[in-house]
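Peer 1: In our numbering, the protein residues as written are 1206 to 1858.
We treat Cβ as the ideally placed atom computed from N, Cα and C, and that holds for glycine.
The following block contains the structure, expressed as structure tokens.
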């Protein structure tokens, strides 16, 4: 199946997926937050580090590291290097690419004018840092910030992937420094890799079997026209690997294995092959840990697939080795042993020549990805929240590089909005998505900064329920508990299905004790059963707006009414003289267009939204006929109104 045909087939398949509430319910702005920080330098690279057991967030930019806490910036530490006349201008810039805590120091590395360098900083309690020492950063930090790299500190060892040479070559995953010896990869194991992330799976009851997992893209060995040129891998090495004996694989991983990580719609042979980002939701029992992986595709769609760490490990423990048909030696290749230098040659040779697993790693939900979108997502984070019903809900936070435009979409007898095409100039938004019953519910889309700017990095602070988001030249903080966005009524709070929020006597709040909440279904009838306000006798709960807005319009004049679209999951209509008319929708408003006002058009207009059997009167207007006092004033407005009506008709059709 060619990629062109795949893309065509995907269009029809994707439409059925997107027309299932897979659009943001609310569109919000948070660009005036007091936690919005603008800093000097506009390099398209930002790195965050959140210190364990501390509220300090370290932010690396160009030539300096910021330390931030609830009081704002508490330290701005500048890093410089005296190289005399060897560099000039921007070539001397020190773009920070690594911030880790290593051996009680803050370990900071960067490009250092294409001479990678690392510094050990000693952050003091009085918020003044001392540079302890600096070391060569080759293989830990890239030569330029645009080169691929990653870093990980486990116990007292540094693991990193960065080019060893300035031309970007010799990019591989290594153990570089610490209490254990340095280890390298065997070059033929991977082809043109792009490393995405690495993490350790802790096993307190069995620390000798703790493993490091590495996720990356590499060049596909299948060069056929229908094959994607890139595929995604997950690799595994043992934390206690010491390398092989002197005669074979000395200072080279003896436990390296890799497997293909699949995110697909198998029935349609549609594959999302290009891993963009991951987030690991760790559990006390490592087998219960989940890997949330964000993929893109050759036809500009993205998907989230969720994997069980236990199932990933099972592939490495039980799959055959691709291309190897002989008896598997003992110990099995990839097994963690106390001293890998004593491994027999047959075990090491399989790792050397046949490191790939025959079986593929499939997500928990095997028939389709958890979530598919034509948003160009680039970053992912996941938080867990215990709701009032006692259940723990996972909330995904996805950063967009381009966002959806909306059009009408029908699902049975109901009509709501769906995505049409991405707007490439509208970048850097955060989608907040509830995971429930293997389905995605997009709670909101939030703009954190004014203008269009790509998200460069994200860091979740689970304890504070905040997401730190880095843009070029600025950083914003997304408050996950911003419940005032649903504070108009109990029904609005419940319909949001936001597990951080509940309706109480103080409104919609994150202080949920004794509150009203329905995360599982979002049905607002729970408010009628649990809250005191009296309601009119209708078939469904009903909410009334502020007093009506009155307009005086002469006959024959064009006119339009508008009310705001609060929820993109609701249907909107206009009630007038006992008639119900669907509204003309723009992205943010529900319109009622009157090309030429007649006597029949006078009277009361109610803009009503309906969502999950809850009716809400959003706006009320009253139109009256012309009076002598305003006749001349309205005549002057006629041409302007005609132009507005024409523009609105063009916009909604």
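For the 8 angstroms Cβ check, are there 3 or more pairs between the region 1571 to 1585 and the region 1443 to 1451?
Peer 2: no
Peer 1: Starting from residue 1481, follow the alpha helix (DSSP H) in both directions and report where the run begins and ends.
Peer 2: Residue 1481 -> not in any alpha helix (DSSP H); beta strand (DSSP E) instead, spanning 1479 to 1486.
Peer 1: Just the C-alpha distance for residue 1492 and residue 1798, rounded to the nearest angstrom, thanks.
Peer 2: 58 angstroms
Peer 1: Does the region 1546 to 1556 come close enough to the region 1593 to 1601 to have 3 or more Cβ pairs within less than 8 angstroms?
Peer 2: no
Peer 1: To which residues of the same chain is residue 1539 closer than 6 angstroms at the C-beta, ignoring the five residues directly before and after it?
Peer 2: Excluding residues within five positions, the ones whose Cβ falls inside 6 angstroms are 1460, 1462 and 1521.
Peer 1: Counting beta carbon pairs with one atom in the region 1699 to 1707 and one in the region 1271 to 1286, are three or more of them shorter than 8 angstroms?
Peer 2: Taking a cut-off of 8 angstroms for Cβ pairs, the region 1271 to 1286 and the region 1699 to 1707 do not touch, as fewer than three such pairs fall below it.
Peer 1: Using the Cα positions of residue 1260 and residue 1784, report the straight-line distance between them to the nearest angstrom.
Peer 2: 58 angstroms
Peer 1: Counting C-beta neighbours from all protein chains within 10 Å, is the total for residue 1386 16 or more, i.e. buried, or is it exposed?
Peer 2: exposed
Peer 1: Nearest CA to the CA of residue 1654: which residue from 1235, 1559 and 1590?
Peer 2: 1235
Peer 1: Using the Cβ count rule (16 or more neighbours within 10 Å means buried), how would you classify residue 1722?
Peer 2: buried
Peer 1: Does the contact criterion of 3 or more C-beta pairs under 8 angstroms hold for the region 1348 to 1356 versus the region 1387 to 1395?
Peer 2: no
Peer 1: Assign residue 1541 to one of three DSSP states: helix, strand, or coil.
Peer 2: Of the three classes helix, strand and coil, the one that applies to residue 1541 here is coil, per DSSP.
Peer 1: Is the beta carbon of residue 1404 less than 7 angstroms from the beta carbon of residue 1485?
Peer 2: With respect to residue 1485, residue 1404 sits close: the two C-beta atoms are nearer than 7 angstroms.
Peer 1: Going by beta-carbon coordinates alone, are residue 1322 and residue 1339 separated by less than 7 angstroms?
Peer 2: yes
Peer 1: Output needed for residue 1592: all residues of its chain with C-beta closer than 7 angstroms, excluding positions within five of it in sequence on either side, in chain order.
Peer 2: 1598, 1704, 1722 and 1724
Peer 1: So the beta strand (DSSP E) residue 1343 belongs to, where does it begin and stop?
Peer 2: From DSSP, residue 1343 is part of no beta strand (DSSP E); its letter is neither H nor E.
Peer 1: Under 7 angstroms, do residue 1439 and residue 1413 count as touching if we go by C-beta distance?
Peer 2: no
Peer 1: Does the beta-carbon of residue 1689 have 16 or more other beta-carbons within 10 angstroms, so that it is buried, or is it exposed?
Peer 2: exposed
Peer 1: Is residue 1231 a contact residue of the ligand PLP, with contact defined as CB to any heavy atom under 6 angstroms?
Peer 2: In the structure on display, the ligand PLP does not appear, and there are no ligands present to speak of.
Peer 1: Any idea if residue 1660 is buried or exposed, counting beta-carbon neighbours within 10 angstroms, 16 or more meaning buried?
Peer 2: Residue environment for residue 1660: buried (at least 16 other C-beta atoms within 10 angstroms of its C-beta).
Peer 1: I'd like the list of long-range same chain contacts for residue 1649, defined as Cβ closer than 6 angstroms, with 5 residues on each side in sequence excluded.
Peer 2: 1229, 1231, 1233 and 1637
Peer 1: Between the alpha carbons of residue 1351 and residue 1249, how many angstroms are there, rounded?
Peer 2: 9 angstroms
Peer 1: Do you know offhand how far residue 1826's Cα is from residue 1809's?
Peer 2: 6 angstroms
Peer 1: Starting from the Cα of residue 1778, find the closest Cα among 1795, 1771, 1364 and 1584 and give me that residue.
Peer 2: 1795
Peer 1: My guess is that residue 1868 and residue 1303 are in contact by the Cβ rule of under 8 angstroms, so how many angstroms apart are they, rounded?
Peer 2: Absent from the model: residue 1868. The displayed extent of the chain is 1206 to 1858, so no value can be given.
Peer 1: So, for residue 1529: in the same chain, excluding its five sequence neighbours on each side, which residues have a beta-carbon less than 8 angstroms away from its beta-carbon?
Peer 2: 1555, 1558 and 1559.
Peer 1: Tell me, which residues are paired with residue 1174 by DSSP?
Peer 2: Residue 1174 lies beyond the range of the chain shown here (1206 to 1858); nothing can be said about it.
Peer 1: Excluding sequence positions up to five away, which residues of its chain have a Cβ less than 7 angstroms from the Cβ of residue 1455?
Peer 2: Short of 7 angstroms from the beta carbon of residue 1455, and not among the five residues preceding or following it, lie these beta carbons of its own chain, in chain order: 1448 and 1449.
Peer 1: Are the CB atoms of residue 1368 and residue 1347 nearer to each other than 7 angstroms?
Peer 2: yes
Peer 1: Helix or strand or just coil, what does DSSP make of residue 1577?
Peer 2: Residue state, collapsed to three classes: strand.
Peer 1: To which residues does DSSP link residue 1310 through a beta bridge?
Peer 2: 1307
Peer 1: Note down, in chain order, each residue of its chain lying with its Cβ closer than 6 angstroms to the Cβ of residue 1767, except the 5 sequence neighbours on either side.
Peer 2: 1794 and 1796
Peer 1: If you draw a straight line from the C-alpha of residue 1204 to the C-alpha of residue 1830, how long is it?
Peer 2: A query on residue 1204 cannot be resolved here, the shown segment of the chain reaching from 1206 to 1858 and no further.
Peer 1: State yes or no: is the C-beta of residue 1586 within less than 7 angstroms of the C-beta of residue 1663?
Peer 2: In this structure, residue 1663 lies closer than 7 angstroms to residue 1586 by Cβ.
Peer 1: So what does DSSP say about residue 1762, is it helix, strand or coil?
Peer 2: coil
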